[in-house]
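**Q** Can you keep this structure in mind? I'll have questions shortly.
Written out as structure tokens, the structure reads:
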């Protein structure tokens with residue numbers, strides 16, 4: 377085997393996805409160090425006074441908080457697998473917009489309609505990414521079968537779970553995240569096609 381003398385370098389290939397992952401990890405550590413105070417104060421959304429600046433911070437901050445290591449890994453693994461492909465396809469600024477739009481939509485809906493539910497985690501972002509991904513290879517005037525299947529499997533599964541199972545998962549957040557991802561995927565794809 378010939379040694380070419382090249383050194384292997386690490387590539388910060390997906391700054392938004394990697395930055396998001398780092399913030400989520402730091403939020404997890406901070407919550408552990410503060411024994412839950414950080415999640416309650418910054419990294420979860422729930423009904424609180426509109427006069428408090430933390431209410432508005434939590435509208436975005438809830439996507440960074442996770443209850444424990446398993447919750448964190450479950451969300452971040454999917455984000456790390458799907459996210460870099462999406463960031464390469466749509467660009468960093470568009471992917472950041474998808475993340476922030478998902479955070480705001482899920483945060484506001486939870487605040488208004490579920491005042492006694494404390495919501496945290498990146499699962500809405502995961503579902504946005506999942507429903508955004510089928511648009512990456514779409515030709516104009518076509519509906520990708522993968523989008524239909526993903527919508528049926530993921531969104532249909534969340535509707536079923538929400539109606540018939542009593543678990544501790546925020547099914548509406550998953551559905552809303554998926555709708556944000558699919559809607560923005562459609563808009564971004566259409567805008568890209570109109571430019572050519």
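Numbering (this note's numbering), first residue to last: 377 to 572. The C-beta atom is built at its ideal place from N, Cα and C for all residues, glycine as well.
(1) Residue 497 and residue 447 look like a contact to me (Cβ under 8 Å); what is the Cβ gap, rounded to whole Å?
(2) Look up residue 421 in the DSSP assignment and say whether it is helix, strand or coil.
(3) Kindly list the residues whose CB is nearer than 7 Å to the CB of residue 534, restricted to its own chain and excluding five residues on each side of it in sequence; keep chain order.
(4) With distance defined between alpha-carbon atoms, name the residue in 503, 559, 435 nearest to residue 453.
(5) Kindly list the residues whose CB is nearer than 6 Å to the CB of residue 374, restricted to its own chain and excluding five residues on each side of it in sequence; keep chain order.
(6) For residue 406, name the three-state secondary structure that DSSP assigns.
(7) Would residue 478 and residue 553 qualify as a contact pair, given that the criterion is a beta-carbon distance under 7 Å?
**A** According to the structure data:
(1) 6 Å
(2) Three-state DSSP puts residue 421 in a strand.
(3) 547, 550, 551
(4) That would be 503, whose Cα lies nearest to the Cα of residue 453.
(5) What the structure shows of the chain is the stretch from 377 to 572, and residue 374 is not part of that stretch, so it cannot be assessed.
(6) helix
(7) yes
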